[in-house]
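Throughout the sequence shown, residue numbering follows this note's numbering, covering 3 to 208 in sequence.
Yeah, the Cβ is synthetic: ideal placement off N, Cα and C, and Gly gets one too.
Predicted, not measured: the structure shown is a model, and the values here were computed from it.
Following: one structure in structure tokens, then a few remarks.
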Amino acid sequence: NSAEKETLYSFVTRKEDRKSIKLLQVDQKEVEDADVKFKILKGSLTANNKFYLDFGDKPPFSFFKCYPIVPDQSSLVSPSDDDTEPVNNDNYAHPCVWGIAQVTESRLDGVEIGTKYRAMLPIGEAVSFENAKIDKSDHNLLIVDRPSTNLAYNVFTKLGKTDEEFEDLALACSPGTITGFGLNFNLRNHDFMEQMRLLSHLQVVR
């Protein structure tokens, strides 16, 4: 049997004008072989979102690769006269936000329908992943398979009953922590820490 089609909506930005936001319609076949599917409940906007936009195409973060556009299934809703470029990953991107998503379907042991997770998400209705696994060292972490995205942003953190009371606070505070970890890891991995200390020292002396 052929999969039924579903229509999803999300917001995208033009790469040449990242202040612009456009509504994207995606008419796709329903993903039947996904390990897990989520409904997006909410997202947060913080100062970190400016960082995500500015570094969207740049390694090692590559934020725009988190949720790539599928060109043959996507179209802009009510495009303006300025929207002349093809709707593809060269011209448009999903801006990412930290948000809360709830499991709607799962074939993974330990990932139950109705469970909420905190994760980096698109500004949209739903997401699904064909490949995902529970972290062996921490069963509260779900790792989604996105090789082209920085590992720090492939983690979905499970929310318990007590966490829900503070989920809005977590959305406001956790982005800076995660970004700081990513920057620290990248600087150390490329042996930039000594140069950073030197620059800091020179600024103090100056």
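Candidates the options, of which the one nearest residue i by Cα
i	options	result
Thr117	Asp147, Lys160, Gly101, Pro70	Lys160
Leu47	Asp29, Glu8, Val99, Asn90	Val99
Val113	Phe131, Val89, Ser176	Phe131
His96	Ser176, Gln27, Glu167	Gln27
Ser176	Glu166, Arg120, Leu153	Arg120
Glu35	Ser82, Ala134, Asp170	Contrary to the premise, residue 35 reads as Asp rather than Glu in this sequence. For the residues Ser82, Ala134, Asp170, the minimum Cα distance to Asp35 belongs to Ala134.
Asn191	Val14, Ile102, Pro62, Lys44	Pro62
Thr151	Ser22, Tyr11, Lys67	Lys67
Glu18	Asp56, Met122, Asp111	Asp56
Asp137	Met122, Leu123, Leu10, Ala154	Ala154
Glu168	Lys7, Asp111, Gly101	Looking at the sequence itself, residue 168 is Phe, so the reference to Glu does not match. Among Lys7, Asp111, Gly101, the Cα nearest to that of Phe168 belongs to Gly101.
Pro253	Gly162, Thr9, Phe13, Phe65	Outside the shown range of the chain (3 to 208) lies residue 253, about which nothing can therefore be said.
Thr9	Glu127, Leu171, Asp170, Lys163	Glu127
Ser22	Asn91, Asp85, Asp170, Gly45	Asp85
Segment limits, alpha helix (DSSP H) that includes residue i
i	result
Asp19	Unbroken run through Asp19 is the beta strand (DSSP E), 19-31; no alpha helix (DSSP H).
Supposed contact pair residue j and residue i - C-beta distance, whole angstroms, cut 8 Å
i	j	result
Tyr69	Val129	7 Å
Ile71	Tyr94	6 Å
Val79	Leu25	4 Å
Ala103	Leu43	6 Å
Residue i, DSSP secondary structure in three states
i	result
Leu110	coil
Pro73	helix
Ala49	coil
Lys138	coil
Ala1	Outside the shown range of the chain (3 to 208) lies residue 1, about which nothing can therefore be said.
Ser80	coil
Leu204	Confidence in Leu204 is poor, its pLDDT being 43 and thus under 50, which makes the residue's placement unreliable; the coordinate value appears in the next sentence. If DSSP states are grouped into helix, strand and coil, Leu204 belongs with the helices.
Cys175	helix
Lys160	strand
Lys67	helix
Asn3	Per-residue confidence for Asn3 stands at a pLDDT of 45, beneath the threshold of 50, marking its modelled position as unreliable; no derived number is given.
Span of the beta strand (DSSP E), counted from its first residue to its last, around residue i
i	result
Tyr119	118-124
Ala154	Premise fails: Ala154 is in no beta strand (DSSP E) and is neither H nor E.
Thr9	7-16
Phe131	128-131
Val1	Any question about residue 1 goes unanswered here, given that the chain covers just 3 to 208.
CB contact below 8 Å: residue i versus chain D
i	result
Val38	In the structure shown, chain D cannot be found, because there is only a single protein chain.
Do the region 92-110 and the region 39-53 make contact, defined as three or more Cβ pairs closer than 8 Å? yes
Would you be able to state if there are at least three C-beta pairs under 8 Å between the region 136-154 and the region 71-86? Verdict: no, contact absent.
Contact between the region 48-57 and the region 23-35: three or more CB pairs below 8 Å? Touching, no.
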